[in-house]
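Numbering (the numbering used here), first residue to last: 82 to 223.
Cβ coordinates follow ideal geometry from the N, Cα and C atoms, glycine included.
Presented below is the structure to which this report refers.
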Amino acid sequence: MEKVYSIEERIVLIVEEFLDNVKEKEPFAYYLEDYRFRLRAKLVEILATPAFDSALEGMLKCIEARINKLDLENEKELRRVLEAVEKTNELLKEFLEGDKVKDKSVLSKVSGRLGTIAEELRLEINRRFGGFFNRIKKLFGR
């Protein structure tokens, strides 16, 4: 018998499915937009319910767990996870701007944390793969 997932679990599953093997998803732009639309649809379903806050916290835990398992030497994977975190944060900011969410405290907290994660990822990418010397190395294939 198959397990029946709650709406919060389905939202977390959408995030997990997308972030697993993110480096192998081609064409990436298509998968990223598909992820955004599916996530938005599920969040809109539970917008006015108490499950919205727990779904947001579940998403954040899932993203943080995936970040902790990242291969920091793989530039493609780092950049794609960064894009996914930024898209997720953009989506949450859309809900922050609207009037449909009454209590925005958890939404604001999760959005702020995702912004911090995105900034940390961006700094890590620049530290590992940016800079003048790394660009010269890439140019000469070393």
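Check                                                                                                           : Outcome
Residue 86 vs residue 99 beta-carbon contact at 9 Å                                                             : no
Burial state of residue 51, where buried means 16 or more other Cβ atoms lie within 10 Å                        : Because residue 51 is not part of the residues shown, which for the chain are 82 to 223, the question remains open.
In chain order, each alpha helix (DSSP H) run of at least 4 residues that lies wholly inside the region 132-183 : 132-149 and 156-178
The alpha helix (DSSP H) enclosing residue 99, as first and last residue numbers                                : 88-100
Endpoints, alpha helix (DSSP H) assigned at residue 127                                                         : Here residue 127 belongs to no alpha helix (DSSP H), and DSSP marks it neither H nor E.
Residue-chain proximity (residue 185, chain D), Cβ-Cβ < 9 Å                                                     : You won't find chain D in this structure, because it holds only one protein chain.
N-terminal and C-terminal residue of the alpha helix (DSSP H) that residue 193 is part of                       : 186-210
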